[in-house]
Each structure stands twice: as structure tokens, then as C-alpha cells.
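Asks: I'd like to ask some things about the structure below.
Have a look at this one:
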């Protein structure tokens with residue numbers, strides 16, 4: 004029987020495998036614009052058209068497409084390359100960030116546009132919550148997508164020397180909207196082998212025996228790796244510039260498993276199906292051990308010890324008590340401070356596990372390529388292509404783990420489909436490298452969506468006991484906190500997140516007496532890790548809730564109470580964990596942020612939109628965050644003039660929707676008085692520059708951007724000197740333009756200057772390097788305000804208005820920065836309203852799919868009004884500050900404060916789900932006899 008599918012007007016006669024879905028069929032034939040996001044029809048990233056109808060290709064059997072016309076995002080453009088109208092609109096509105104979901108939104112929108120005015124038009128484009136119920140975006144907050152659909156244009160044309168402060172479109176935009184952007188697995192590697200992992204069914208157990216013989220007999224299986232094959236070396240999966248920030252408590256494959264889902268063995272085979280079958284054939288004998296999932300119980304005497312036998316060299320604070328890290332400190336005397344207070348408020352707050360839910364899952368491909376040794380001989384080096392935020396730190400870790408010299412390992416990230424801190428880990432590269440080195444073959448490991456939930460990391464769950472005292476005039480006398488962070492089975496990021504959580508959250512308020520006791524605790528559960536906000540969001544929920552409640556008990560406006568107690572310009576930042584000498588208030592916009600909230604409250608009329616009988620309330624919160632990690636965050640950059648008169652930027656940081664690529668081009672264009680279209684950029688590749696700590700801690704602009712600025716500024720000066728030498732004109736009369744120098748009326752094109760530089764033996768002057776070490780650091784401020792309506796009969800909550808104020812210093816790209824704020828607010832609303840990685844009594848994740856986990860969809864997220872303050876930072880490049888993580892932090896407490904105002908109930912546990920709200924309302928009604 005003949006078989007034929009037409010894909011983008013090309014015919015394919017290859018029969019699909021039994022049970023193969025259309026998505027994998029298309030990707031195997033090079034249509035990489037079709038993305039894998041969920042495997043369950045939940046996210047829409049795989050949407051294609053079959054005979055003009057949008058379908059989720061992960062659910063659509065490939066065999067059903069026989070005789071049909073399939074269109075992917077690559078086929079939307081006309082044969083001559085002209086963009087489809089929908090692609091143009093998404094490009095002009097920049098309706099994307101990381102772009103992994105964009106093809107799905109494009110295909111859905113294009114299909115609905117095609118139905119306009121036909122008998123099939125059911126009005127979905129006028130009802131976008133309904134139209135996009137099958138599509139998820141984790142980055143944008145959906146406003147940019149709505150603007151794209153509505154034809155709102157935001158991008159501006161390049162203007163020589165005036166790039167900074169303009170809405171310059173992302174350089175990757177054309178590739179994103181056409182499906183040409185290459186993410187981690189959008190490559191074809193000859194001879195590729197596939198890896199699958201066998202994972203532990205037990206929360207705590209010792210592997211007594213493991214029999215791999217049956218697995219090795221599965222046709223197509225090449226190797227089965229167990230702890231017998233893994234190095235004994237202990238390390239941390241967390242990636243930091245200084246590895247000593249994290250306990251070395253992890254093995255590639257261990258003979259003790261500490262949570263349900265920990266990897267036990269790896270099977271490498273010709274196909275994923277063979278590797279999965281090999282996993283099923285492995286026989287493991289376990290000795291089950293006692294387990295503990297509650298961090299308070301884990302610290303008590305007699306609790307199961309998770310990392311027994313590990314010594315002080317691994318940097319676990321107290322092995323016997325399961326304490327990965329702890330910090331204790333006091334300023335002044337809190338007992339005296341509370342004695343002096345007229346009002347004291349004390350409460351305990353809890354936050355839950357949250358998944359990063361990047362639509363591109365963790366994974367990597369390792370393969371060998373010829374080693375460039377300058378002709379001195381032949382050889383190979385290992386290349387690891389990974390979905391990572393930290394290529395250089397991952398290379399360093401792999402070399403240390405396997406005893407490899409750095410020049411024999413290259414780590415490169417393509418475009419990364421979302422990160423949010425989750426990819427500041429080494430979760431796949433270590434095991435894939437082990438297999439590649441053993442087999443000397445290319446090996447791929449790509450997590451499933453379920454594995455993202457039980458095999459990756461989550462946000463740290465926190466319990467915060469907080470006590471605050473104030474005089475009758477509202478001046479704080481004392482703040483005391485006891486913080487317990489559940490780091491799960493391993494301590495990756497555990498101590499650092501705990502430490503950071505009680506830094507700026509304490510320091511933003513003046514109080515003569517402050518005390519903290521904080522613990523990062525091991526439990527038999529999925530490990531936690533880095534997540535947007537890095538612990539500040541959890542503690543800010545407690546601090547800002549308590550400040551709101553304290554104001555109520557003082558009979559004071561919560562904004563007034565904050566203004567009485569916040570630190571001001573030039574003041575020191577005092578936290579009981581100690582002073583950070585390199586942290587300064589290099590610009591101050593917190594007062595402006597609170598003024599935005601005050602104006603919004605004064606002018607607001609949104610309460611009129613609440614349904615009759617619903618409870619209405621408003622609330623706000625604020626937050627401060629350092630504009631980079633402590634201890635040094637390093638970036639190298641190089642900017643060079645090319646032979647054709649354009650420029651090349653080389654920088655190490657990764658792009659995953661954070662917008663650093665755009666900003667780096669804007670900075671360079673400004674320094675060189677040119678336009679962004681004359682700049683090429685190479686990035687996120689250990690071959691490109693000497694070193695880059697990574698794209699985390701909101702460092703893309705303030706650290707890597709600073710290095711780019713230094714390199715570009717230096718190059719401009721070098722070229723001016725070279726032009727003066729070439730022409731004999733005084734240096735100060737040589738003016739650099741977009742494509743040439745004007746040297747006292749003589750035009751010297753950049754192409755001519757390049758040739759002249761080589762002719763004069765000054766080729767080294769055609770490039771310049773920049774380096775920045777991430778210190779000193781400044782702080783950024785954010786404030787959020789909501790007005791809510793609550794149905795007292797059902798607990799349903801509607802957001803009537805959302806306003807966010809951000810102190811980002813000099814805003815390099817308003818469109819892009821606004822998108823970061825909107826995305827942060829949306830992600831925080833998900834964590835506030837419903838996201839929750841649930842575990843059972845054994846620590847097993849029970850929400851390992853999007854439909855059980857509940858991510859925010861288009862209908863859930865309001866349009867947030869974003870306001871930027873007028874500040875210019877004395878430290879950041881051209882006055883800029885970071886703004887990727889910080890918008891998340893004040894959202895949860897602002898929402899909780901608005902809910903308190905509406906209902907009269909102080910909610911102390913996240914998420915604020917509808918059923919939780921209803922239960923508390925019902926409990927109060929019963930208590931009042933209603």
C-alpha cells in the first residue's frame with residue numbers, strides 16, 4: 004500500500020511507525036518549527052494545520068494524515084519568502100519572548116483568520132480566551148500575544164546611534180515567527196543514540212543488586228549505565244561561579260536513592276522505544292529505608308538521615324539533622340524592641356512548590372567533532388548542546404567530573420525555550436556525557452513533561468514564622484523571623500536560596516532590632532532549586548502581609564506605614580545575616596513606585612465593574628532585590644569590525660526570552676553610532692569568549708551588558724585612532740558614523756578602514772575586549788497593586804485592575820522590559836492562584852502533567868498596567884538595572900492583601916485557590932451563624 008503526506012507542498016512517502024504521532028513524524032523530517040511541549044495536547048506548541056484545520060500534532064496519529072495537506076509554521080510564508088500576515092503582526096508586536104510556544108499561537112491564529120467571514124466563523128477571534136484555551140505561554144503574560152492578534156505594532160525601525168531606549172525588535176524575531184530558530188533539539192545528528200532513565204519507585208532506599216542482562220538483550224540497546232559505571236565524585240547539580248556555595252551531595256548515579264523519581268540507571272539505544280523497553284527490563288533489588296517529607300520532622304533527633312556518612316568536605320551544615328545550610332543573626336536586641344512596641348503582630352506563612360514549566364524541557368545532545376588544533380595533529384573533542392542558562396559553568400563541572408581538559412569540551416546552547424532559574428542546573432549533561440564517553444557515539448536525552456515535574460527541580464517551599472513590632476506612630480521597633488526552607492533530597496541551591504531570602508527582604512525596612520534563624524532542610528522529596536526571585540518571593544509574601552496587617556491594627560494606611568519605614572537614598576542596607584559591602588543604592592525609585600500605587604488607588608473606578616453582591620478589596624506590596632548575585636558574576640565580551648564593514652559581538656550569556664541579545668545589540672549600536680542590522684552576535688557558546696558565569700540572577704544586562712559596553716566603547720576609540728592614522732587627520736576630527744568615518748570631510752568606509760588596519764599591521768586594533776566582574780551591585784525596586792472582587796458564595800476571584808511599578812533604571816528597551824514585567828506578574832499570579840506541585844506521603848509528585856498542575860492560561864491573566872520610574876543607575880550600563888526576576892516578588896503579597904481587604908480574612912498559605920477561599924469564607928459565615 005502506498006503512503007503519501009504533503010507537508011508544506013512537499014510530498015513524503017515514508018510510512019509512519021506504528022503508533023507514531025504526527026509531531027514526531029514531522030520533526031524527523033526536519034520540520035523543527037513543530038515543538039514538543041507536553042505530549043498530552045495541553046500546551047499547543049505542536050499545533051499544525053491538517054487540511055486547514057488546526058490540530059495538536061502530539062495527539063494526532065501520523066497515519067491519519069495520509070492523503071492530507073499538512074502545514075507547519077515553516078509553510079505559512081509564501082514560496083518567495085514573504086511573511087504571512089499573522090507572522091508580520093507577531094513580529095511587529097513582538098508577541099513572544101523565548102518563542103517556544105509561538106508557532107502554536109501563530110498556527111491557531113492563522114486558522115481562525117482564515118475562517119473570518121466564512122460559514123465556519125464562530126467568533127473566536129473576538130473571544131481570545133476561548134480561541135487560545137489550547138495554547139500556553141509561560142513567558143509573556145499574554146498581553147503581547149493579544150496585541151499581535153489585534154495588529155498593534157510596538158517595534159521601531161533602527162536609528163543610528165539612538166538604539167538605547169527604543170523598542171528595537173528582537174534580532175531572532177524573523178526566525179522565531181518562521182520556525183527557523185533553532186532550539187536545543189532542532190538539529191540533525193548522524194548516528195544519534197537515545198537515552199532513557201530508570202527512576203526510583205521508593206522515597207529512600209539502598210540498591211542491593213541491579214541486573215541489566217535482560218535490558219542488554221533488547222534489540223537496539225547499546226549500553227545500560229548504573230552506579231557501577233559512574234564516578235565516585237560528589238558534586239552539586241547547581242551552577243554557581245563559586246561551586247563552594249552548594250553542598251557536594253550528588254553522584255551521577257548513586258547506590259542510595261533519596262526521592263521517588265531519582266535516576267537509578269540509564270539505557271542508551273537506537274530509539275527511544277528501545278531505550279524505554281530496556282528500562283522496563285532492568286531488575287533492581289532495593290533495601291527500603293525510613294523516609295521523611297516534613298522539614299521540621301527531618302531536623303528532630305531520630306529522624307532518618309538522608310546523607311549519612313558524608314563528611315565536612317561536602318559542606319553540609321549538619322548531616323545528622325538533615326540541615327543543608329543555616330544562618331543565624333541578630334542586630335540590636337529584638338526582645339527589647341518588642342517590649343518597646345505598642346503593637347506586635349505574629350503569624351506563620353507557608354508557600355508551596357512551584358514548577359518552572361519552561362515549555363522546552365531539560366535535555367542535551369552530546370557528540371564528537373574534530374578538534375581544532377591548528378594543524379598540529381588530529382583528534383576529537385566533545386560537544387554538548389544543552390538547554391542551559393550556564394554553558395561555561397557546565398563545561399567546568401563536566402571537566403572536573405570526568406577529568407577532561409577544558410579545550411576538549413565545548414558546551415553550546417541554542418535558543419533556549421524558557422529558563423526561570425530551572426536551567427541553572429546540570430541535570431542531564433552529566434549522565435549524557437558519561438554515555439557519550441563510554442560509547443564514543445552521539446547521545447541524546449530529552450525529558451518528558453512528566454520528568455520535568457519529578458526529575459527536575461521546583462521552587463523551594465518555605466515556612467516563615469514572623470513577628471513584627473511597632474510604636475503607635477507606626478515606626479518599627481523589631482522584626483524577627485524563623486525561616487525553614489525545604490530543599491528536598493539534595494542541596495542544590497538550598498543554602499544560597501535560604502541565605503538570599505532573608506537578605507533584601509529584611510534590609511528594605513528600617514528597624515533597630517532584627518533577628519533571623521533560617522534553615523535549609525533535606526527531605527525525601529523532589530529537589531528544589533533556583534527559581535525566579537531566588538527565595539525573596541517566599542519571604543516577601545510574609546513580610547508584606549505582616550506590614551499590611553500591622554497597618555490595620557494601627558489604624559494606618561498601609562502605604563503610609565511602608566513610607567515611614569522603608570530605607571531611603573544613600574542609606575545602608577542592614578540585615579541580620581550581615582552586611583554586603585558591594586551592595587549599594589546606586590539609584591532610588593522606591594518612592595516613585597509607591598507614588599504609582601497611590602495614584603492608581605486615588606483614580607481607580609474599577610470597583611464599579613464588580614458583580615452585584617461580590618466582595619471588593621484592594622491591596623499593594625513592594626520588594627527590593629539586588630541587581631546581581633553576590634561574590635562575583637563574570638562576563639567577557641568582544642566586539643570586532645568585520646571585513647565587510649559590519650560588526651561582530653561575541654558574548655557568552657544565553658538567550659531564552661530574557662532579551663539580552665536585543666539589549667547587547669542596542670548597547671553596541673549606541674557605542675558605535677550604528678544600527679542594529681549591522682551587528683551580528685555570537686553567544687552562549689564556550690568557543691566564543693573566555694568566560695561567562697551565566698544568564699541568571701538578572702545578570703544579562705547589568706553584567707554581560709556592561710562587558711559588551713566596555714568592549715564596544717573601547718573599539719570605537721581604537722577605530723577612531725586607526726582612522727586618524729590612515730587619513731592623517733586629527734583624531735578629534737574623525738567622527739564615526741553608521742557605515743563610515745567622516746574625517747574632516749573625507750569619508751572612510753568601515754570596509755576601507757578594515758583593509759587599512761591590516762595593511763598597517765594593526766589588525767589587533769579591529770577588535771576590543773570587555774570584562775565585568777559583577778561588583779559593585781545596585782538594587783532595584785518594584786511595587787504591585789490589585790483591586791479584586793470575590794464571590795462569597797463560590798470563592799471565585801476576579802482581578803478588576805492590576806498595576807505594577809518598576810524601578811529599572813534607564814530602560815534600555817521599553818517594549819521588552821514591559822514584557823519581562825508582565826511575564827513576571829503572570830508567573831507570580833499562577834503561583835498565587837493555583838500552581839502547586841503536590842506530593843503524597845511518600846514524597847511522590849502527583850501533579851506530573853499540565854492538566855493536573857494548572858498553569859495560567861490566557862483567560863486567567865489580566866492586562867497589567869506597567870509604569871517605569873525615572874531613575875538612572877550609577878553602576879549599571881548606561882544607567883540600567885535588572886528587571887527579570889524582581890517583578891515576581893510583590894505580586895503574591897499584594898494579591899493576599901487585596902483579598903484580606905475584600906474578605907476580612909488574612910490568608911497565610913499559598914496558593915490562594917478558589918476552594919481555599921470558599922472554605923475560609925464558609926467557616927467564618929458558620930461561626931457568625933449565617
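Residue numbers (our numbering): 4 to 933.
The C-beta atom is built at its ideal place from N, Cα and C for all residues, glycine as well.
Enumerate, from N- to C-terminal direction, the unbroken beta strand (DSSP E) stretches of 3 or more residues contained entirely within the stretch 383-455.
Replies: Here the runs fully enclosed are 383-389, 412-415 and 446-449.
Asks: Go ahead and pull the three-state DSSP assignment for residue 620.
Replies: Strand.
Asks: Determine which residues share a DSSP beta bridge with residue 24 and list them.
Replies: Answer is 64, bridged to residue 24.
Asks: Could you give the C-beta distance for residue 780 and residue 630, rounded to a whole number, given that I count them as a contact under 8 Å?
Replies: Correct: roughly 5 Å between the Cβ atoms.
Asks: Report the residue from 142, 173, 164 and 165 whose alpha carbon sits nearest the alpha carbon of residue 157.
Replies: Among 142, 173, 164 and 165, the Cα nearest to that of residue 157 belongs to 173.
Asks: So for residue 667, helix, strand or coil by DSSP?
Replies: If DSSP states are grouped into helix, strand and coil, residue 667 belongs with the helices.
Asks: Taking the Cβ atom as the reference point for each residue, do residue 298 and residue 524 lie within a distance shorter than 7 Å?
Replies: Taking 7 Å as the Cβ cut-off, residue 298 and residue 524 qualify as a contacting pair.
Asks: For the beta strand (DSSP E) holding residue 214, just list the boundary residues, first then last.
Replies: 208-214 is the extent of the beta strand (DSSP E) around residue 214.
Asks: Residue 921 by DSSP, collapsed to three states: which one?
Replies: Reduced to three states, the DSSP call for residue 921 is helix.
Asks: What's the call for residue 436, buried or exposed, on a 16-neighbour Cβ count within 10 Å?
Replies: Buried, since its Cβ has 16 or more Cβ neighbours within 10 Å.
Asks: From residue 755 to residue 685, what distance separates their C-alpha atoms?
Replies: Roughly 24 Å between the two C-alpha positions.
Asks: Leaving out five residues before and five after residue 738 in sequence, what residues of the same chain have Cβ atoms less than 7 Å from its Cβ?
Replies: Within the same chain, residue 738 has close Cβ partners 744 and 745.
Asks: Take residue 431 and list the residues in its own chain whose beta-carbon comes closer than 6 Å to its own, dropping the five residues that flank it on each side.
Replies: So the list reads 365, 366, 367 and 448, once near-sequence residues are dropped.
Asks: Specify whether the stretch 680-694 and the stretch 716-727 touch according to this definition: at least 3 beta carbon pairs, one from each stretch, less than 8 Å apart.
Replies: No: the two stretches stay apart, fewer than three of their Cβ pairs being nearer than 8 Å.
Asks: Do residue 271 and residue 218 count as a contact pair if the criterion is CB distance below 7 Å?
Replies: For residue 218 and residue 271, no; Cβs fall outside 7 Å.
Asks: With DSSP run on the structure shown, which of helix, strand or coil describes residue 358?
Replies: In this structure, residue 358 counts as strand in the three-state DSSP scheme.
Asks: Apart from the five residues just before and just after residue 808, which ones in its own chain have a Cβ nearer than 6 Å to its Cβ?
Replies: The residues are 596, 599, 786 and 870.
Asks: Cα separation between residue 919 and residue 926?
Replies: Their Cα atoms are separated by approximately 11 Å.
Asks: Please state whether DSSP places residue 523 in a helix, a strand or coil.
Replies: Strand.
Asks: What do you get for residue 838, buried or exposed, if any count of 16 or more other CB atoms within 10 angstroms of its CB means buried?
Replies: Residue 838 is buried by the Cβ-count criterion.
Asks: Determine the extent of the beta strand (DSSP E) in which residue 490 is found, giving its start and end residues.
Replies: Where residue 490 is concerned, the enclosing beta strand (DSSP E) stretches over 479-491.
Asks: Going by other Cβ atoms of all chains shown within 10 Å of its Cβ, with 16 needed for buried, is residue 88 buried or exposed?
Replies: Exposed, since its Cβ has fewer than 16 Cβ neighbours within 10 Å.
Asks: Which residues does DSSP list as the beta-bridge partners of residue 651?
Replies: In DSSP, residue 651 forms a bridge with 643 and 683.
Asks: Provide the residue(s) that pair with residue 224 in DSSP beta bridges, ordered along the chain.
Replies: According to DSSP, which records beta bridges pairwise, residue 224 is partnered with 272.
Asks: Mind checking who residue 325 pairs with in its DSSP beta bridge?
Replies: Looking at the DSSP assignment, residue 325 forms no beta bridge with any residue, so it has no partner.
Asks: By DSSP, does residue 805 sit in helix, in strand, or in coil?
Replies: It is a strand residue.
Asks: Taking 8 Å as the cut-off, does the stretch 622-639 touch the stretch 661-679 (at least 3 CB pairs, one atom from each stretch)?
Replies: Flag = no, the stretch 661-679 and the stretch 622-639 do not touch.
Asks: Which partner residues does residue 470 have in the DSSP bridge list?
Replies: Answer by DSSP bridge pairing, in chain order: 349 and 483.
Asks: Please classify residue 819: does DSSP put it in a helix, a strand, or coil?
Replies: Reduced to three states, the DSSP call for residue 819 is helix.
Asks: Would you list the residues sitting across from residue 774 in a DSSP beta bridge?
Replies: In DSSP, residue 774 forms a bridge with 639.
Asks: Does residue 608 pass the burial test, meaning 16 or more other C-beta atoms within 10 Å, or should it be called exposed?
Replies: Under this definition residue 608 is an exposed residue.
Asks: Would you check if the distance between the CB atom of residue 643 and the CB atom of residue 770 is smaller than 7 Å?
Replies: Contact flag set, yes.
Asks: Can you tell me which of 23, 20 and 32 puts its alpha carbon nearest to the alpha carbon of residue 14?
Replies: Checking every option, the nearest Cα to that of residue 14 belongs to 32.
Asks: For residue 469, which residues in the same chain have their Cβ closer than 6 Å to its Cβ, ignoring the five residues on either side in sequence?
Replies: If we look at residue 469 and ignore the five residues flanking it on each side, its Cβ neighbours are 484, 545 and 549.
Asks: Would residue 260 pass as a contact of residue 311 if the rule is Cβ separation under 7 Å?
Replies: The answer is no: Cβ separation not under 7 Å.
Asks: Check for me: the alpha helix (DSSP H) holding residue 148 runs from which residue to which?
Replies: 146-153 is the span of the alpha helix (DSSP H), which, as asked, contains residue 148.
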